[in-house]
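Novice: Our numbering runs 7 ahead of the 1-based position in the sequence shown.
Note that beta-carbon positions come from the ideal geometry of N, C-alpha and C, so glycine has one too.
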Amino acid sequence: MAKIFPERPPAIIRDDPLRSAELKVFTALKSLPKSYLVFYNTHWQKQDQYYGAYEGEADFVIAHPDKGVITLEVKGGGIQYNSELDQWYSQDRHGNKHPIKDPVEQARRNHYKLLDEMEKIPGWPNYMVNIWHAVCFPDIRIPQGDFLRADLPREQIIDNQDLEDIDQAVDQMFNYAFGRNMGNKAPGREGIQIVERLLANSFEFRTPLGVELEREDQKLIELTEQQFRVLSILGVRKRAAIAGCAGSGKTMLAVRKAQQFSDLGLNVLFVCFNKDLANYLESRLLDTTVTNFHSLC
8 MAKIFPERPP
18 AIIRDDPLRS
28 AELKVFTALK
38 SLPKSYLVFY
48 NTHWQKQDQY
58 YGAYEGEADF
68 VIAHPDKGVI
78 TLEVKGGGIQ
88 YNSELDQWYS
98 QDRHGNKHPI
108 KDPVEQARRN
118 HYKLLDEMEK
128 IPGWPNYMVN
138 IWHAVCFPDI
148 RIPQGDFLRA
158 DLPREQIIDN
168 QDLEDIDQAV
178 DQMFNYAFGR
188 NMGNKAPGRE
198 GIQIVERLLA
208 NSFEFRTPLG
218 VELEREDQKL
228 IELTEQQFRV
238 LSILGVRKRA
248 AIAGCAGSGK
258 TMLAVRKAQQ
268 FSDLGLNVLF
278 VCFNKDLANY
288 LESRLLDTTV
298 TNFHSLC
């Protein structure tokens with residue numbers, strides 16, 4: 008099974024009847040061998056110094072380390088092209104025709120936009136990597152050998168019947184696009200990793216500890232009635248244990264109490280468990296000795 012991004016389309020797409028053709032193709036491409044990477048509903052942003060930022064997108068991008076990369080544009084329903092008007096149409100189940108964008112031009116444009124973005128990433132191969140485009144009409148059948156347009160050979164189309172044997176159809180598509188010597192310009196493992204980083208990069212940003220404490224400090228400025236009571240209770244006790252969930256303000260109450268003791272001229276030791284927290288608080292409690300538990304031990 009191919010590695011596909013995302014593993015499952017979001018509910019907003021699954022529940023949209025207008026996306027049923029794409030979902031049909033998604034299911035078929037997901038069954039490709041595990042050496043393939045498939046990216047569905049991908050978007051990327053380009054920036055032009057004259058026209059500013061604009062978005063690129065592709066229905067599917069199919070990538071293989073030993074073959075290359077193909078952008079695939081999907082158009083569902085019945086398909087018609089009027090050469091006199093240079094207009095494409097899609098026909099729904101009720102027989103109504105709807106003008107659509109040129110799928111070949113869309114796939115071609117996305118192919119070059121995607122290549123342009125990948126070439127900007129450090130590590131991309133310094134030779135011309137195999138990348139091409141194709142179209143998919145999942146609701147119709149086109150006989151092999153049929154001539155459609157000069158820029159749309161049958162080998163560059165996946166139809167309903169091809170979806171039933173997707174391995175052979177995709178293999179034929181790559182062979183037609185890149186020829187017998189396709190291995191010479193294949194992206195390789197490193198190139199495929201760059202494609203994945205561009206189209207399906209996972210990332211995580213954690214809130215810095217200082218930011219969290221600043222938020223806690225801001226909360227403490229508007230002390231709740233309960234927190235006022237806690238501070239007043241501490242005023243008449245030499246020992247106290249305060250419990251509370253994360254984010255309830257325990258640390259900031261301790262900081263405030265340490266400041267009160269320090270203002271009274273007392274020699275104050277502030278001990279916490281987290282080393283990073285201790286380093287941060289040391290810069291705020293200037294007249295207080297601040298350390299973490301392990302350093303104290």
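1) Please state the DSSP three-state secondary structure of Val136.
2) Closest by CA to Gln98, which one among Ile69, Gly152 and Ala28?
3) Using 8 Å as the cut-off, can you tell me whether the stretch 167-178 makes contact with the stretch 28-39, which would need three or more C-beta pairs spanning the two stretches below that distance?
4) In whole angstroms, give me the CA-to-CA distance for Arg246 and Phe277.
5) Which one of Glu203, Phe181 and Arg204 has the shortest CA to CA distance from Ala193?
6) With a cut-off of 8 Å, do at least 3 Cβ pairs link the stretch 41-56 to the stretch 121-133?
7) Assuming contact is defined by CB atoms lying nearer than 8 Å, are Val275 and Leu288 in contact in what I supplied?
8) Give me the Cα-Cα distance between Tyr43 and Gly251, rounded to the nearest whole angstrom.
9) Considering only C-alpha positions, which residue in the set Thr78, Arg187, Ser209 and Val202 is nearest to Pro129?
10) Tell me which residue opens and which closes the beta strand (DSSP E) that His71 is part of.
11) So for Pro106, helix, strand or coil by DSSP?
12) Note down the Cα distance separating Gln151 from Tyr183, rounded to an integer number of angstroms.
13) Considering only the alpha carbon of each residue, which of Gly272, Ala114 and Glu14 lies closest to Gly63?
14) Assign Asp169 to one of two classes, buried (16 or more other C-beta atoms within 10 Å of its C-beta) or exposed (fewer than that).
15) Under DSSP, the beta strand (DSSP E) around His50 begins and ends at which residues?
16) Pick helix, strand or coil for Ile20, following the three-state DSSP scheme.
17) Check the C-beta distance from Ile149 over to Arg161 and give it rounded, since I have them as a contact under 8 Å.
18) Answer with buried or exposed for Tyr58, where buried requires no fewer than 16 other C-beta atoms within 10 angstroms of its C-beta.
19) Under 7 Å from any heavy atom of the ligand NAD, does the C-beta of Met180 make it?
20) Note down, in chain order, each residue of its chain lying with its Cβ closer than 8 Å to the Cβ of Lys82, except the 5 sequence neighbours on either side.
21) For Val218, count neighbouring C-beta atoms within 10 Å of its own C-beta (all shown protein chains included) and say buried if the count is 16 or more, exposed if not.
22) Please classify Gln87: does DSSP put it in a helix, a strand, or coil?
Specialist: This is what the structure holds:
1) The residue given as residue 136 occupies position 129 in the sequence shown. Coil at Val136, not helix or strand.
2) Along the sequence shown, one-based indexing puts residue 98 at 91. Comparing Cα positions, the closest option is Ala28.
3) Yes, since at least three Cβ pairs between the stretch 167-178 and the stretch 28-39 fall closer than 8 Å, the two stretches touch.
4) For the purposes of this step, residue 246 is identified with residue 239 of the sequence shown, where counting begins at 1. For the purposes of this step, residue 277 is identified with residue 270 of the sequence shown, where counting begins at 1. Approximately 14 Å between the Cα atoms of the pair.
5) If you number the sequence shown from 1, residue 193 lands on position 186. Nearest option by C-alpha distance: Phe181.
6) yes
7) The sequence position of residue 275 within the sequence shown is 268, counting from 1. The sequence position of residue 288 within the sequence shown is 281, counting from 1. Not a contact, by the Cβ cut-off of 8 Å.
8) As a first step, residue 43 is located in the sequence shown; it is residue number 36 there, counting from the start. As a first step, residue 251 is located in the sequence shown; it is residue number 244 there, counting from the start. When rounded, the distance between both Cα atoms is 50 Å.
9) Sequence index remark: in the sequence shown, residue 129 carries index 122 (1-based). Residue Val202 is the option with its Cα nearest to Pro129.
10) Working through the sequence shown from its first residue, we reach residue 71 at position 64. Gly59 to His71 is the span of the beta strand (DSSP E), which, as asked, contains His71.
11) Within the sequence shown, the letter at position 99 stands for residue 106. The answer is strand: DSSP assigns Pro106 an E or B state.
12) Along the sequence shown, one-based indexing puts residue 151 at 144. Along the sequence shown, one-based indexing puts residue 183 at 176. Using only the alpha carbons, I get a separation of about 14 Å.
13) Numbered from its first residue, the sequence shown carries residue 63 at position 56. Checked all of Gly272, Ala114 and Glu14; the closest Cα to Gly63 is Ala114.
14) By 1-based counting over the sequence shown, the position of residue 169 is 162. Asp169 should be labelled buried.
15) Within the sequence shown, numbered from 1, the residue matching residue 50 stands at position 43. Run containing His50: Leu44 to Asp55, per the beta strand (DSSP E) assignment.
16) For this step, residue 20 is matched to residue 13 along the sequence shown. Three-state DSSP puts Ile20 in a helix.
17) The residue labelled residue 149 in the question sits at position 142 within the sequence shown. The residue labelled residue 161 in the question sits at position 154 within the sequence shown. Indeed they touch by this definition, with Cβ atoms about 6 Å apart.
18) Along the sequence shown, read from residue 1 onward, the residue named residue 58 stands at position 51. The residue in question, Tyr58, is exposed, as its Cβ has fewer than 16 Cβ neighbours within 10 Å.
19) As presented, the structure is devoid of all ligands, the ligand NAD included, so that no description of it is given.
20) Here residue 82 is taken as the residue at index 75 of the sequence shown, counted from 1. Answer for Lys82: Ala28, Trp95, Ser97, Ile107, Pro110, Val142, Cys143 and Phe144, listed in chain order.
21) On the sequence shown, position 211 is the one that residue 218 refers to. Under this definition Val218 is an exposed residue.
22) If you number the sequence shown from 1, residue 87 lands on position 80. Strand, per DSSP.
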